[in-house]
Amino acid sequence: RAKESGRNRYSFFTADMQQFHTRNLLLENALRRAIDRNQLSLVYQPQYSLVDQQLFGFEALLRWHHDDFGQVSPAEFIPLAERSGLIVAIGEWVIITALQQLAQWHNSGYRQLNMAINLSSIQFRQENLQQFVYNAIEFSGVPANCVELEITESAMAEQPEKAIALITGLRASGLNIAIDDFGTGYSSLSYLKRFALTKLKIDQSFVRDLLKNSQDKAIVRAIINMAANLGLKTIAEGVETEQQRDLLIQLGCDEIQGYYYSKPLPAGQASEFIQQQLQSNT
Ligand code: C2E
Ligand code: MG
Ligand code: MG
Ligand code: MG
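Take the sequence shown: its letters are residues 695 to 976, numbered as in UniProt numbering.
Written out as structure tokens, the structure reads:
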């Protein structure tokens, strides 16, 4: 009997694995055609500065809608895109599309707006990344200092010397660099002084239970204080309630992003949001 249930459990396990594997293969194949078939889009999540409670920019987040699979979460398809190398072409599409959108907002008078763009560590390894970003920025016509690249700790940890050179180059031309999901990766704190960074993004896992969990609060406080002493800004992500926001203000956090202000919005809705929130400068 034990043996039987053991075997059943084993076959369940392999059936699950098989299904997982098959879905991944199908998704990966579909992803190859996603750009050409116009299935990718960007949504934009507002970012607020806490000092003056002003909307100052957006983070571009990728969405994929497939006819059969429906809406596929980036948590599922980005790892597939990374493993297959498709992330390079997809990431280039993201950079160009996000900058085009920012240029449109600047041209309609909202020149104070910034755009944050996520970079995979695979993109970060591409020799031509710097040149590609420069060209895309020049083509779009937006000032480089309105653009922020979000990288993860793993991008810095893989080849630190190359990463330092790349970040130094990008920063020299005015771009901003934020560390995404800060505190969840494997980077060493010494990177914070060796890399010319602009901002730390406090991961939402520390923000979620900020009011209930004194350890999370201690970690967030420590990140904010350390960042301030190093001349780096902090932005908290995943802020959903007024209480979280108020505590983050009290702890000295600079900026906030989360459902409390807004979910990520499709371009049209983001434009309406801007019109409600900001005065045009034209
Ligand atoms: P991330 O860059 O850390 O983005 C934050 C995620 O938290 C987003 O999920 C966002 O929709 C979600 N979020 C924002 N506010 C809240 C909130 O108040 N509460 C909760 N529970 N969640 C919130 P999303 O859009 O599903 O993206 C997931 C991850 O996929 C991103 O994490 C990023 O690592 C990756 N990703 C998304 N777009 C791109 C992209 O264009 N390129 C690359 N390389 N990665 C991307
Ligand atoms: Mg991000
Ligand atoms: Mg994050
Ligand atoms: Mg994340």
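We put the CB at the ideal spot given by N, CA and C, even for glycine.
Does the Cβ of residue i have 16 or more other Cβ atoms within 10 Å, making it buried, or fewer, making it exposed?
i	result
Ala696	At Ala696 the pLDDT is 45, less than 50, meaning the model places this residue with poor confidence and gives no usable figure here.
Glu936	exposed
Met850	buried
Glu753	buried
Asp762	exposed
Leu720	exposed
Thr928	buried
Val745	exposed
Asp948	buried
Asp897	buried
Ala964	buried
Gly785	buried
Gly868	exposed
Ala709	exposed
Between which residues of its own chain and residue i is the CB-CB distance below 6 Å, once the five residues before and five after are set aside?
i	result
Glu844	Ala810, Asn812, Ala872, Asp874
His759	Gln733, Gln765
residue 984	Residue 984 lies beyond the residue range present for the chain, which begins at 695 and ends at 976; the question has no answer from this structure.
Leu807	Gly751, Trp799
Ala890	Ile861, Thr862, Arg865
Quick one: residues in its chain with C-beta nearer than 8 Å to the C-beta of residue i, no 5 flanking neighbours on either side, listed in chain order?
i	result
Leu864	Gln824, Val827, Leu843, Ile871
Leu941	Leu904, Leu905, Lys911
Leu860	Phe818, Leu823, Gln824
Gln853	Arg819
Arg731	none
Glu847	Ile873, Asp875, Phe876, Thr878, Gly879, Tyr880, Ser881, Tyr885
Just confirm the distance between the C-beta atoms of residue i and residue j, as a whole number of angstroms; I'd bet it's less than 8 Å.
i	j	result
Tyr804	Leu972	6 Å
Gln951	Gln741	5 Å
Gln938	Tyr954	7 Å
residue 1039	Glu776	The requested residue 1039 is not part of the displayed model; the chain covers only 695 to 976.
Ser743	Ser974	Their Cβ separation, rounded to whole angstroms, is 19 Å, which puts Ser743 and Ser974 out of contact at 8 Å.
Leu894	Ile913	Contact flag wrong, Cβ pair sits at about 12 Å.
Leu924	Lys887	7 Å
Ser814	Ile781	5 Å
Leu755	Pro768	7 Å
In the structure shown, what three-state DSSP assignment does residue i receive?
i	result
Val788	helix
Val901	helix
Lys697	Unreliable positioning characterises Lys697 in this predicted model, as indicated by a pLDDT of 48, which lies under 50. The coordinate reading is nonetheless provided below. Three-state result, Lys697: helix.
Phe763	coil
Leu796	helix
Leu774	helix
Arg757	strand
residue 663	Nothing can be reported for residue 663: it is not among the residues displayed for the chain, which extend from 695 to 976.
Asn801	helix
Gln973	coil
Output needed for residue i: all residues of its chain with C-beta closer than 7 Å, excluding positions within five of it in sequence on either side, in chain order.
i	result
Asp910	Phe900, Asp903, Leu904
Ile831	Leu793, Ala838, Val841
Phe771	Leu721, Leu725, Trp758
Val836	Leu793, Leu796, Ala797, His800
### Task
Only counting runs of 4 or more residues, tell me where the alpha helix (DSSP H) segments fall wholly within the region 920-968, in order along the chain.
936-945
### Message
I'd like the ranges of any beta strand (DSSP E) spanning at least 3 consecutive residues and lying wholly in the region 807-895.
### Response
808-812, 841-845, 870-876
### Task
Would you mind listing the beta strand (DSSP E) stretches within the region 703-753 that are 3+ residues and don't spill past its ends, in chain order?
734-743
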